[in-house]
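Per this note's numbering, the sequence shown starts with residue 204, numbered consecutively.
Virtual Cβ for every residue (Gly too), placed ideally from N, Cα, C.
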Amino acid sequence: MTQKEALDLLQSGANVFLTGAPGSGKTHTIGAFIDWLRLQGRTPGITASTGIAATHLGGMTIHSWSGIGVKETLSPADRRGLAKTRRLVERAQRTDVLIIDEVSMLSSGTLQAVNEACKTLRDNKKPFGGLQIVLVGDFFQLPPVRRRDPAEVARPDLFGSAGGDTTIFAFSSPAWHEADLQVCYLTEQHRHSDRNYLGILSSIRDETVDDDEKQELATRFTQQAPKDVPKLFTHNRDVDKDNARLLDRLPGDAHRFKMEWEGPTPLAKALARGCLSPENLELKVNARVMFTRNDFTAGFVNGTTGTVVEFQDDADGLPIVETDDGQFIEVEPAEWRMEEGDDENALIRQVPLRLAWAITVHKSQGMSLGSAYMNLSRTFEFGQGYVALSRVRTLDGLYLAGINDQALRVHPHIVDVDRSWRRE
């Protein structure tokens, strides 16, 4: 399905599950739909399963929007509490369309709780309280986080937090079936220009990676990280250690940029937690950086990399970055907002950069990178290797320090379900 066909179905008012491989245009399509809704005078509830994903669309987590918090089941007392919370009721009742991005990371229980919350808040027994519901995501990417018991941890065949439990996924929820979702499977590719590399990624999705494709990946092995290429790690501690070490190694004073925020403190703090730019950003000349949002007019997107070449000679001392394609950008502070009604607006303001010698695979989800150096020898989750590999646009841009067999694994149940979606 093309983006235009998907947009037509979304505009028809149907409940939709929008999916497709990384780079197929899911975020672009949803952005166009949100713009269309606002032109029509209709109110979208813009949410995501994680704070990071929510900031990409200018929304909030579905847990905050619905008022369910961390709950996966709602008791009668919970529902009474929701019905008495004026701001939640007013927000739900003025919303026309509820959008949930990165639905692959939302558990079945959470989706059911959202369904029940919407019915309660809107005093409407229809699915999701009568809202048009739009779920967006790719289940081959990172699954819901679930605490595993010791017996599961000891079993390598239950690799990943989902383990052998297929009921954890959102599509197993009664709410999914109740919504009668139309599947929009985007098939065009806008990120990966290398057809050979795209074939390898497609084989991972189909669980048909052969020896020739493994050999292709093996040609990208290197123990030395190329200069100025961002590293992807599976663990936060490796990222923090690498970035701190390399920043400290640079001569000169650090320039510090502190995040500002406006609006209700809980909402602003939630925005800050989801923002890829840190609350306290330290930079030096020659620091490797990555832009953390899209600004097509200024010439960068989320994932554009470059080097700080100097700081402006004024009171703010904002950085000037030379991107890897030779463009010089005077980086201005950016704003991230929650657009959820006049009394619920929150805003944070920060320089849209982060140190980019290293980043976690988790935080890279949604980025498009020209090149990356990654160590996938300690992957511990279904889809983790696939997310990392699919960040890079071409095979020539991939540099591998190591890779284990788990890195090429996706959840076997997802393979079967995905085939059925492609047939719809």
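Cutting at 6 Å between CB atoms, please list the residues of its own chain near residue i, excluding the five before and the five after it.
i	result
Glu485	Ala457 and Arg459
Trp464	Ala471 and Ile551
Gly586	Phe343, Gln344, Leu345 and Val613
Using the C-alpha atoms, what's the distance from residue j back to residue i?
i	j	result
Leu404	Gly455	42 Å
Leu242	Ala591	36 Å
Val386	Asp517	52 Å
Leu628	Ala224	Since the first and last residues shown for the chain are 204 and 627, residue 628 lies out of range.
Ile617	Ser375	11 Å
Thr597	Asn439	25 Å
Thr250	Glu538	17 Å
Arg325	Gly284	14 Å
Leu572	Pro347	24 Å
Gln335	Lys329	11 Å
Gly234	Thr246	14 Å
Pro279	Gly520	55 Å
Gly690	Glu293	Missing from the structure shown is residue 690; the chain here goes from 204 to 627 and no further.
Arg476	Ser574	26 Å
Pro359	Gln609	In this predicted model, Pro359 has a pLDDT of only 42, less than 50, meaning its place in the structure is not dependable enough to derive any value.
Met577	Glu416	18 Å
Val337	Asn218	6 Å
Leu187	Leu479	Summary: the structure shown does not reach residue 187, with the chain confined to residues 204 through 627, and so no result is reported for it.
Glu275	Arg594	31 Å
Ala354	His565	For Ala354, the predicted model reports a pLDDT of 39, less than 50, meaning its position is unreliable and no value from the coordinates is stated.
Asp621	Thr232	20 Å
What would DSSP say about residue i, mapped onto helix, strand or coil?
i	result
Gln344	coil
Ala373	helix
Ser593	coil
Asn675	Outside the modelled stretch of the chain, which goes from 204 to 627, sits residue 675, for which no answer is possible.
Thr232	helix
Leu334	coil
Gly455	coil
Thr323	helix
Asp397	coil
Gln587	helix
Met462	coil
Thr313	helix
Asn607	coil
Asn318	helix
Trp624	helix
Met308	helix
Lys328	coil
Gly600	helix
Ala295	helix
Lys207	helix
Val356	Residue placement at Val356 is flagged as unreliable, the pLDDT there being 37, under the threshold of 50; the coordinate-derived value follows with that caveat. Helix, per DSSP.
Quick one: using the 10 Å Cβ neighbour count with 16 as the cut-off for buried, is residue i buried or exposed?
i	result
Ser580	exposed
Ala421	exposed
Ser623	exposed
Phe531	exposed
Gly270	buried
Phe220	buried
Val524	buried
Gln426	exposed
Pro615	exposed
Lys487	buried
Pro555	buried
Pro429	exposed
Pro522	buried
Gly248	buried
Lys434	buried
Residues in the same chain with beta-carbon distance under 7 Å from residue i, minus the five sequence neighbours each way, listed in chain order, please.
i	result
Thr205	Glu391
Leu611	Ile407, Val412 and Gly588
Trp379	Leu314 and Ala373
Ser311	Thr370, Ile371, Phe372, Ala373, Ser375 and Ser376
Val432	Ser574, Ala575, Tyr576 and Tyr602
Gly272	His266
Gln568	Gln344, Leu345 and Val590
Thr288	Gly270
Gly509	Val492, Val524, Glu525, Thr526 and Asp527
By Cβ distance below 8 Å, which residues in the same chain neighbour residue i in space, the five residues on each side in sequence not counted?
i	result
Gln214	Phe236 and Trp239
Thr264	Thr250, Ala251, Ser252, Thr253, Gly254, Ala257, Ala473 and Gly477
Asn165	Residue 165 cannot be examined here, being either before or after the span of the chain that is shown, 204 to 627.
Do we get a CB-CB distance below 8 Å when we pair residue i with the residues of chain E?
i	result
Phe531	No chain E appears in this structure, which consists of one protein chain only.
- Message: To test your reading of the DSSP string, which unbroken beta strand (DSSP E) runs of 3 or more residues are found completely within the stretch 245-283?
- Response: With a minimum length of 3 residues, the continuous beta strand (DSSP E) runs that stay inside the stretch 245-283 are 247-251.
- Where in the stretch 503-527 do unbroken runs of the beta strand (DSSP E), each at least 3 residues long, occur, reported from the N-terminal end onward? Correct list: 508-514 and 522-526.
- Task: May I have a chain-ordered list of the beta strand (DSSP E) segments no shorter than 3 residues that lie completely inside the stretch 468-502?
- Result: 483-486 and 491-494, all fully within the stretch 468-502.
- Task: Please specify which runs of the beta strand (DSSP E), each continuous and at least 3 residues long, are wholly inside the stretch 384-429, giving them in chain order.
- Result: Counting only runs that start and end inside the stretch 384-429, the beta strand (DSSP E) elements of at least 3 residues fall at 385-389.
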